[in-house]
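To convert, count from 1 in the sequence shown and add 10; that's the working numbering.
Just so you know, even glycine gets a beta-carbon here, dropped at the ideal spot from N, CA and C.
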Amino acid sequence: MRQAFVFNGHGLEPREFDSQVSAAWIHFENPDRTDFDTLQNQFGVELESLHDILDIDERPRFEKIENGIFLIFRIPLFAKQEFLEYFTCPMGIFIHPDKVISVCGYNLPYFASFFTSKHLCNVDSFQPNILCLQVIHYFEVMYIKYLKEINRHVSVAESGIENSVKNTQLLKLLHYEKSLVHFLTSLKGNEILLEKIAHTKMVPDEDSQEILNDIMIENRQAIVTSNVNSDILNGMMDVFGSIINNNVNAVMKRMTVITLALMIPTLIASIYGMNVPLPFQTDKNTFWVLGVISAVLAGIAITLMRRAKIM
Numbered sequence: 011m012r013q014a015f016v017f018n019g020h021g022l023e024p025r026e027f028d029s030q031v032s033a034a035w036i037h038f039e040n041p042d043r044t045d046f047d048t049l050q051n052q053f054g055v056e057l058e059s060l061h062d063i064l065d066i067d068e069r070p071r072f073e074k075i076e077n078g079i080f081l082i083f084r085i086p087l088f089a090k091q092e093f094l095e096y097f098t099c100p101m102g103i104f105i106h107p108d109k110v111i112s113v114c115g116y117n118l119p120y121f122a123s124f125f126t127s128k129h130l131c132n133v134d135s136f137q138p139n140i141l142c143l144q145v146i147h148y149f150e151v152m153y154i155k156y157l158k159e160i161n162r163h164v165s166v167a168e169s170g171i172e173n174s175v176k177n178t179q180l181l182k183l184l185h186y187e188k189s190l191v192h193f194l195t196s197l198k199g200n201e202i203l204l205e206k207i208a209h210t211k212m213v214p215d216e217d218s219q220e221i222l223n224d225i226m227i228e229n230r231q232a233i234v235t236s237n238v239n240s241d242i243l244n245g246m247m248d249v250f251g252s253i254i255n256n257n258v259n260a261v262m263k264r265m266t267v268i269t270l271a272l273m274i275p276t277l278i279a280s281i282y283g284m285n286v287p288l289p290f291q292t293d294k295n296t297f298w299v300l301g302v303i304s305a306v307l308a309g310i311a312i313t314l315m316r317r318a319k320i321m
């Protein structure tokens, strides 16, 4: 998918992508072969750089290219996947004096709304470096938002695990733990990238330096939050694993007690099921008498096991 945003004197507005449109920001999501050709032939993007952006494990980096800057920044994503809802992926940004080109291998349904949000209010001139920093700041805020969502999901899973004997809730916690590891690894890589940016011409004035400082603060806050949540979640998983084992043991204990109690009626019924002469076998009330005796003996056995705290 392609998106183009044109500077209109006080901000950016979306336009249909066209080679004739002088766009300030051009964004590609999940690019196909046609998009690759456009990026290479029309914008001079190297194929190797595109492959790096589409590599899910690519680390953040900063490079100077001909007439511009190329950087890869890892962004947070939420997607309904089978094993991992929250993860991160690389996003490539090519900064030129007259335009910015961004490429991501995944669909970002919330990205277009950034250009019409309060993040870009009172923009009276097109400054690619500052605009790029504002986009990075936006994604740092998304990290904080998703971390709060993960914490909320963990609380919900925690409330349903105390009486559980299945691993379903524990597996959910494991998935959120993996998400936190993804976030933490990406945030640390972004931190190195931000430190490199701080020593480049991307921050030539106080305005850009102030935005970069805000980004670095948000990034450190997200790292601390990820670390704390990961440590807490690790401890919770160990505790809840023990709780599940204890719950299973309690169920097995009850089943054992019930089995032992039922052995008494079973034994009596087995004896009277033999083809040999037995006392009272001709009496018409023998069945009911044996049933009452079996129930009383089973009740006595259960009472004794309860008093012995076996059950």
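Cα-Cα separation, residue i to residue j
{"i": "residue 371", "j": "residue 88", "result": "Missing from the structure shown is residue 371; the chain here goes from 11 to 321 and no further."}
{"i": "residue 149", "j": "residue 255", "result": "41 Å"}
{"i": "residue 280", "j": "residue 311", "result": "19 Å"}
{"i": "residue 239", "j": "residue 147", "result": "22 Å"}
{"i": "residue 98", "j": "residue 13", "result": "21 Å"}
{"i": "residue 16", "j": "residue 137", "result": "13 Å"}
{"i": "residue 131", "j": "residue 26", "result": "In this predicted model, residue 131 has a pLDDT of only 48, less than 50, meaning its place in the structure is not dependable enough to derive any value."}
{"i": "residue 316", "j": "residue 298", "result": "27 Å"}
{"i": "residue 58", "j": "residue 222", "result": "28 Å"}
{"i": "residue 220", "j": "residue 78", "result": "22 Å"}
{"i": "residue 24", "j": "residue 243", "result": "42 Å"}
{"i": "residue 55", "j": "residue 164", "result": "42 Å"}
{"i": "residue 151", "j": "residue 96", "result": "15 Å"}
{"i": "residue 294", "j": "residue 309", "result": "25 Å"}
{"i": "residue 305", "j": "residue 178", "result": "38 Å"}
{"i": "residue 5", "j": "residue 265", "result": "Summary: the structure shown does not reach residue 5, with the chain confined to residues 11 through 321, and so no result is reported for it."}
{"i": "residue 287", "j": "residue 259", "result": "44 Å"}
{"i": "residue 8", "j": "residue 296", "result": "The question about residue 8 has no answer here: the residues shown for the chain are numbered 11 through 321."}
{"i": "residue 169", "j": "residue 82", "result": "39 Å"}
{"i": "residue 11", "j": "residue 50", "result": "16 Å"}
{"i": "residue 201", "j": "residue 107", "result": "25 Å"}
{"i": "residue 283", "j": "residue 263", "result": "30 Å"}
{"i": "residue 245", "j": "residue 224", "result": "32 Å"}
{"i": "residue 237", "j": "residue 28", "result": "45 Å"}
{"i": "residue 124", "j": "residue 248", "result": "40 Å"}
{"i": "residue 289", "j": "residue 261", "result": "39 Å"}
{"i": "residue 207", "j": "residue 252", "result": "47 Å"}
{"i": "residue 212", "j": "residue 36", "result": "19 Å"}
{"i": "residue 120", "j": "residue 84", "result": "16 Å"}
{"i": "residue 145", "j": "residue 241", "result": "30 Å"}
{"i": "residue 68", "j": "residue 18", "result": "35 Å"}
{"i": "residue 217", "j": "residue 48", "result": "34 Å"}
{"i": "residue 44", "j": "residue 141", "result": "27 Å"}
Proximity winner among the options, relative to residue i (alpha-carbon distances)
{"i": "residue 73", "options": "85, 103, 86, 22", "result": "103"}
{"i": "residue 101", "options": "218, 108, 112, 107", "result": "112"}
{"i": "residue 153", "options": "235, 212, 75", "result": "235"}
{"i": "residue 276", "options": "301, 209, 120, 287", "result": "301"}
{"i": "residue 139", "options": "51, 50, 110, 22", "result": "110"}
{"i": "residue 46", "options": "37, 94, 205, 60", "result": "60"}
{"i": "residue 210", "options": "41, 80, 44, 50", "result": "80"}
{"i": "residue 115", "options": "105, 42, 261, 252", "result": "42"}
{"i": "residue 94", "options": "50, 84, 246, 192", "result": "192"}
{"i": "residue 75", "options": "278, 53, 28", "result": "53"}
CB contact flag (residue i, residue j, <7 Å)
{"i": "residue 328", "j": "residue 274", "result": "Look at the range of the chain in this structure, 11 to 321, and you will see that residue 328 is not part of it."}
{"i": "residue 183", "j": "residue 167", "result": "yes"}
{"i": "residue 118", "j": "residue 39", "result": "yes"}
{"i": "residue 156", "j": "residue 70", "result": "no"}
{"i": "residue 226", "j": "residue 203", "result": "no"}
{"i": "residue 323", "j": "residue 34", "result": "Within the shown structure, residues of the chain are numbered from 11 to 321, placing residue 323 beyond reach of any answer."}
Between the region 155-171 and the region 58-68, do three or more beta carbon pairs fall short of 8 Å? Using a C-beta cut-off of 8 Å, the region 155-171 makes no contact with the region 58-68, since fewer than three inter-stretch Cβ pairs fall below that distance.
Taking 8 Å as the threshold, find out whether the region 225-233 comes into contact with the region 190-200 through three or more Cβ pairs. Output reads yes: the region 190-200 touches the region 225-233.
In the region 85-161, which residue ranges form an unbroken alpha helix (DSSP H) of at least 4 residues, counting only runs that do not cross its ends? Correct list: empty.
Touching or not, the region 185-195 and the region 262-270, by the rule of three or more beta carbon pairs under 8 Å? Contact between the region 185-195 and the region 262-270 is absent, because fewer than three Cβ pairs lie under 8 Å.
Contiguous alpha helix (DSSP H) assignments of at least 4 residues, all confined to the region 179-219: Along the region 179-219, the alpha helix (DSSP H) does not occur as any fully enclosed run of 4 or more residues.
Contained alpha helix (DSSP H) runs [length at least 4] in the region 45-87, N- to C-terminal order: Within the region 45-87, the complete alpha helix (DSSP H) segments at least 4 residues long are 57-64, listed from N- to C-terminus.
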